Amino acid sequence: MEKDLLQSVVEVEKEIQDSIEAEKIKAAEWLESVRVSCSKEIDDTRRQLEENYSQSLERSCSEADRKGAKIIADADRLADFFNNLSEEIINRSVLKHISAILPENEQGESSDR
Numbered sequence: 001m002e003k004d005l006l007q008s009v010v011e012v013e014k015e016i017q018d019s020i021e022a023e024k025i026k027a028a029e030w031l032e033s034v035r036v037s038c039s040k041e042i043d044d045t046r047r048q049l050e051e052n053y054s055q056s057l058e059r060s061c062s063e064a065d066r067k068g069a070k071i072i073a074d075a076d077r078l079a080d081f082f083n084n085l086s087e088e089i090i091n092r093s094v095l096k097h098i099s100a101i102l103p104e105n106e107q108g109e110s111s112d113r
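Residue numbers for the sequence shown, in the numbering used here: 1 to 113.
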């Protein structure tokens, strides 16, 4: 009887060990599938971020080119405007604003410099 009991204990212990090994294998397989899934998700996210970055960079460069071209065009128009001013208009403008530059004499009048 003792021998049968011992044999039963050994068999149950073997079944437990087999179950533990089977669970270890299942856990390892599950972990590997999670690792593969996470790796794929990371790769997909990285690709999407790179694509978004490229598109954003392209939009930013286009916008900068557009703004730069507008600034240059505005500066060209302003330069043309000033280049085409008559000497009479320039002289009147200078005389009008020169009083703000020159110091006043004691009577409150502009000096004749």
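Glycine included, C-beta positions come from ideal geometry on N, C-alpha and C.
Nothing here was measured: the structure is a model prediction, and the numbers come from that model.
- For Leu49, the uninterrupted alpha helix (DSSP H) segment begins and ends at Glu2 to Asn83.
- Beta-bridge annotation (DSSP): Glu87 is not paired with any residue.
- Distance from the CA atom of Leu49 to the CA atom of Ser33, rounded to whole angstroms, is 24 angstroms.
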